[in-house]
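K.L.:
I have a structure I would like to understand better, so I am pasting it below and will then ask my questions one at a time.
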Amino acid sequence: VWMFNTHLWHYPYVPYQLMNVDYYQGDSIDPDTPNAEAQAINSARIAHETEITKVLWDIQSVIANGEPIFLTGDFNEPSHLDWTKEAAQAGLHPLKVAFPTSIQVTEAGLKDAFRQLYPDPVAVPGFTWPAGTYPETPDSSVTDPADRIDFVYFTGKKVKVKNVQRIGEASETSDISFPKYPSDHRAVLVTFDL
Numbered sequence: 001v002w003m004f005n006t007h008l009w010h011y012p013y014v015p016y017q018l019m020n021v022d023y024y025q026g027d028s029i030d031p032d033t034p035n036a037e038a039q040a041i042n043s044a045r046i047a048h049e050t051e052i053t054k055v056l057w058d059i060q061s062v063i064a065n066g067e068p069i070f071l072t073g074d075f076n077e078p079s080h081l082d083w084t085k086e087a088a089q090a091g092l093h094p095l096k097v098a099f100p101t102s103i104q105v106t107e108a109g110l111k112d113a114f115r116q117l118y119p120d121p122v123a124v125p126g127f128t129w130p131a132g133t134y135p136e137t138p139d140s141s142v143t144d145p146a147d148r149i150d151f152v153y154f155t156g157k158k159v160k161v162k163n164v165q166r167i168g169e170a171s172e173t174s175d176i177s178f179p180k181y182p183s184d185h186r187a188v189l190v191t192f193d194l
């Protein structure tokens, strides 16, 4: 079994850029402009492409043997599997964005454990950030838009997802809750069959 973990750089944070939230670097992106998705993708690429490429290079050195491989972490970028046209139409996000980091990871042969079990991002958004935001009712008036940016990716000939749970601050927002939850992110707990 191979285990990889990452914590990608936190800015520019594209959801903030799309909501005109001032946060370190990152110019605002008007979600109503025709090239908004391209601008969002470019900003995400600038923030994370070098980092994720290094991680995936390490993974590629062992992926061919078919052993179980897990990549976990705070990616500080949503997934292309979540920011879909349908999710935008449902009001979960301002527009569809094919986020490049999750695309790179899936094109490298890894699967998103949460989306394996819950493929519909409208029915089950699975928000992990920020803890304290009700996960199924995002509010565009808040400066911390709810999102899923903490992931468990996997690959391997016999690896199957049995269960996925979010650990967090309250039973309304998490499958497993703690009254004094210490993080601004909900954790993702995945049970696998190997």
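Residue numbers (UniProt numbering): 1 to 194. C-beta: ideal position from N, C-alpha, C; glycine also.
Closest to E51 by C-alpha separation, out of T6, V164, L95, H93, would be which residue?
P.N.:
Walking along the sequence shown from the start, residue 51 turns up at place 51. The candidate whose alpha carbon is nearest that of E51 is T6.
K.L.:
Is it true that the segment 69-82 meets the segment 99-109, where meeting means three or more beta-carbon pairs spaced less than 8 angstroms apart?
P.N.:
yes
K.L.:
Just to confirm my understanding: we take D147, look at its own chain, exclude 5 residues before and 5 after, and list those with CB closer than 7 angstroms. What are they?
P.N.:
On the sequence shown, position 147 is the one that residue 147 refers to. Excluding positions up to five away in sequence, the list reads P15, P78, F127, W129.
K.L.:
Tell me where the alpha helix (DSSP H) around A108 begins and ends.
P.N.:
Here the question's residue 108 lines up with position 108 in the sequence shown. Note, A108: premise wrong, no alpha helix (DSSP H); not H, not E.
K.L.:
Would you give the residue range spanned by the beta strand (DSSP E) that L189 belongs to?
P.N.:
By one-based count along the sequence shown, residue 189 stands at place 189. Secondary structure note for L189: its beta strand (DSSP E) is the uninterrupted segment 187-193.
K.L.:
Does any C-beta atom of chain D lie closer than 9 angstroms to the C-beta of E37?
P.N.:
This model lacks chain D altogether, as it is built from one protein chain only.
K.L.:
Measure the C-alpha to C-alpha separation of F4 and V21 and round it to an integer number of angstroms.
P.N.:
Taking the first residue of the sequence shown as 1, we reach residue 4 at position 4. Taking the first residue of the sequence shown as 1, we reach residue 21 at position 21. Computed Cα separation, rounded: 32 angstroms.
K.L.:
D150 to D74, Cα distance in whole Å?
P.N.:
Within the sequence shown, numbered from 1, the residue matching residue 150 stands at position 150. Within the sequence shown, numbered from 1, the residue matching residue 74 stands at position 74. One C-alpha to the other measures close to 5 angstroms.
K.L.:
Just checking my contact of A36 with I29 at CB under 8 angstroms: how many whole Å lie between their CB atoms?
P.N.:
Taking the first residue of the sequence shown as position 1, residue 36 is located at position 36. Taking the first residue of the sequence shown as position 1, residue 29 is located at position 29. Yes, they are in contact, since the Cβ atoms of A36 and I29 sit about 6 angstroms apart, within 8 angstroms.
K.L.:
Once the 5 residues before and after L8 are set aside, which same chain residues still bring their CB inside 8 angstroms of it?
P.N.:
Working through the sequence shown from its first residue, we reach residue 8 at position 8. So the qualifying residues of the chain are A47, H48, E51, I52, G73, D74, F75, N76, E77, T101.
K.L.:
How big is the Cα-Cα spacing for Q17 and A90?
P.N.:
In the sequence shown, counting from the first residue as 1, residue 17 sits at position 17. In the sequence shown, counting from the first residue as 1, residue 90 sits at position 90. Cα to Cα, the separation comes out at about 20 angstroms.
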